[in-house]
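A short write-up of the structure that comes next.
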Amino acid sequence: MTAQSIDGNALAQQLREGMKAQVERLAAAGCRPGLAVLLVGEDPASQVYVRNKVKACESVGMHSLLERLPATLGEAELLARIDQLNADPAVHGILVQLPLPRHLDADLVIERIAPEKDVDGFHVASAGALMVGRPGFKPCTPYGCMKMLESIGCNPRGKHAVVIGRSNIVGKPMALLLLQASATVTICHSATPNLAEICRQADILVAAVGRPRFVSADMVKPGAVVLDVGINRLADGKLCGDVDFDAVREVAGWITPVPGGVGPMTITMLLQNTLESAERSASALPPPARI
Ligand code: GUN
14 MTAQSIDGNA LAQQLREGMK AQVERLAAAG CRPGLAVLLV GEDPASQVYV RNKVKACESV
74 GMHSLLERLP ATLGEAELLA RIDQLNADPA VHGILVQLPL PRHLDADLVI ERIAPEKDVD
134 GFHVASAGAL MVGRPGFKPC TPYGCMKMLE SIGCNPRGKH AVVIGRSNIV GKPMALLLLQ
194 ASATVTICHS ATPNLAEICR QADILVAAVG RPRFVSADMV KPGAVVLDVG INRLADGKLC
254 GDVDFDAVRE VAGWITPVPG GVGPMTITML LQNTLESAER SASALPPPAR I
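Residue numbering for the sequence shown follows our numbering, starting at 14 and increasing by one per position.
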């Protein structure tokens, strides 16, 4: 069997097309969705990421504000700037690009963002809301993975989903979203014995390990849906995922490529969260959970 590839670029494009009309409808009602992106310092990878986020906003007609702040910025100044953005009615989403310079406490900074503007879904209030099934922002990468499953008609209900990785940004929220969709969920990590055996039981396998080609063909159940969240740079400069794509595609039913799989969906779901935030602020919808 050769797996069908899930084209993240095509799905992202389709979803972004659908957002344009919603953005214009909100703009006509006086509420153009707006995203503020704060970049502290000059990390080269972060510069590329934030530029792509701002470009994506523009591509669907959203307002964006990119603030480049010096690496020497004090914590009090950064917190004060977040306070201003929290109070700015033209800003519906605030994203502080990570990693932050070492002298800044990322938890403190992220938790200063008003939960109703936490479009990354990283705030503890967003994580708590997801945990208990209350309205809140879902972290963009797992949210994108759920959209990919929906796009191929894969309903997780009653399926065994195995997530490899337990990060706060991908593994844990991914497991919660799959659980919310009534899958039976197993989370595996670096201390899991019999990892291959557990993975082989998965109808849905999500790899978020950060190790190139970690998932081999013998770890995959024939016909399984394999979502590859990894983006690893090889010595030759090429990108590859956490899944051995060429080998696993001969076993799986569906597989996401790298690049062009989950990656483009992450930014798309950031736009979706910003749109949802603007919609909430323009209507009488209650804000997400606060702590
Ligand atoms: N750094 C790498 N990915 C991300 C992301 O999705 N959000 C933020 N804020 N920082 C990141």
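Here a beta-carbon is modelled for each residue, glycine too, at the ideal position from N, C-alpha and C.
Which same chain residues end up closer than 7 Å to V63 when comparing Cβ atoms and leaving out the 5 residues on each side of it in sequence? To locate residue 63, count along the sequence shown from 1; it is residue 50. Leaving aside the five residues that flank V63 on each side, the residues in its chain whose CB is nearer than 7 Å to its CB run, in chain order, V50, L52, L79 and Q110.
To the nearest angstrom, how far is the alpha carbon of V228 from that of C253? Counting from 1 along the sequence shown, the entry for residue 228 is found at position 215. Counting from 1 along the sequence shown, the entry for residue 253 is found at position 240. Roughly 12 Å separates the two Cα atoms.
Which ranges would you report for the alpha helix (DSSP H) in the region 31-119 if only whole runs of at least 4 residues count? Along the length of the region 31-119, whole alpha helix (DSSP H) runs at least 4 residues long occupy 57-72 and 88-100, reported in chain order.
DSSP three-state assignment for Q17, whether helix, strand or coil: Within the sequence shown, the letter at position 4 stands for residue 17. DSSP places Q17 in strand when its eight states are reduced to three.
Where Q193 and Q27 are concerned, what is the direct C-alpha to C-alpha distance, given to the nearest angstrom? As a first step, residue 193 must be located in the sequence shown, where it is residue number 180. As a first step, residue 27 must be located in the sequence shown, where it is residue number 14. Taking the straight line from one Cα to the other gives about 25 Å.
Cutoff 8 Å; reference V104; Cβ partners in own chain excluding five residues on either side: What you label residue 104 is simply residue 91 of the sequence shown in a count that begins at 1. Closer than 8 Å at the Cβ level, and outside the excluded window around V104, lie G47, L48, A49, L78, L98 and K130.
Could you check whether the Cβ of T279 sits closer than 7 Å to any heavy atom belonging to the ligand GUN? On the sequence shown, residue 279 is found 266 positions in, with the first residue counted as 1. Taking 7 Å as the cut-off, the C-beta of T279 counts as close to a heavy atom of the ligand GUN.
Looking at R226: is its Cβ nearer than 8 Å to the Cβ of T15? For the purposes of this step, residue 226 is taken as residue 213 along the sequence shown, with counting starting at 1. For the purposes of this step, residue 15 is taken as residue 2 along the sequence shown, with counting starting at 1. T15 is positioned such that its CB atom lies no closer than 8 Å to that of R226.
Any heavy atom of the ligand GUN inside 7 Å of the beta-carbon of C167? Within the sequence shown, the letter at position 154 stands for residue 167. Look at C167: its beta carbon is at least 7 Å from all of the heavy atoms in the ligand GUN.
I'd like to know whether the C-beta atoms of V36 and L189 end up nearer to each other than 8 Å. Mapped onto the sequence shown, residue 36 falls at position 23. Mapped onto the sequence shown, residue 189 falls at position 176. Between V36 and L189, the CB-CB gap reaches or exceeds 8 Å.
What does the alpha-carbon distance come out to for the pair I268 and L86? Residue numbering aside, residue 268 sits at position 255 when the sequence shown is read from its first letter. Residue numbering aside, residue 86 sits at position 73 when the sequence shown is read from its first letter. Cα to Cα, I268 sits roughly 43 Å from L86.
Based on Cα-Cα distance, which residue from P148, L39 and L91 lies nearest to H116? Along the sequence shown, one-based indexing puts residue 116 at 103. If we check each option's Cα against that of H116, L91 comes out closest.
Sort P148, L143, V145 and R94 by Cα distance to I123 and report the nearest one. As a first step, residue 123 is located in the sequence shown; it is residue number 110 there, counting from the start. Among P148, L143, V145 and R94, the Cα nearest to that of I123 belongs to R94.
By the 10 Å Cβ neighbour count, where 16 or more other Cβ atoms means buried, how is R81 classified, buried or exposed? Within the sequence shown, the letter at position 68 stands for residue 81. Its Cβ having fewer than 16 others within 10 Å, R81 is exposed.
What span of residues does the beta strand (DSSP E) with I280 cover, start to end? For this step, residue 280 is matched to residue 267 along the sequence shown. Run containing I280: none in the beta strand (DSSP E); it sits in the alpha helix (DSSP H), V275 to A295.
Tell me, to the nearest whole angstrom, how far the beta carbon of V275 is from that of G157; I am working on the premise that it is less than 8 Å. Locating residue 275 in the sequence shown gives position 262, counting from the first residue. Locating residue 157 in the sequence shown gives position 144, counting from the first residue. That pair is a contact at about 6 Å.
Assuming A84 and P114 make a contact with CB atoms under 8 Å, what is their CB distance in whole Å? Position 71 of the sequence shown, counted from the first residue, corresponds to residue 84. Position 101 of the sequence shown, counted from the first residue, corresponds to residue 114. Confirmed, Cβ separation roughly 5 Å.
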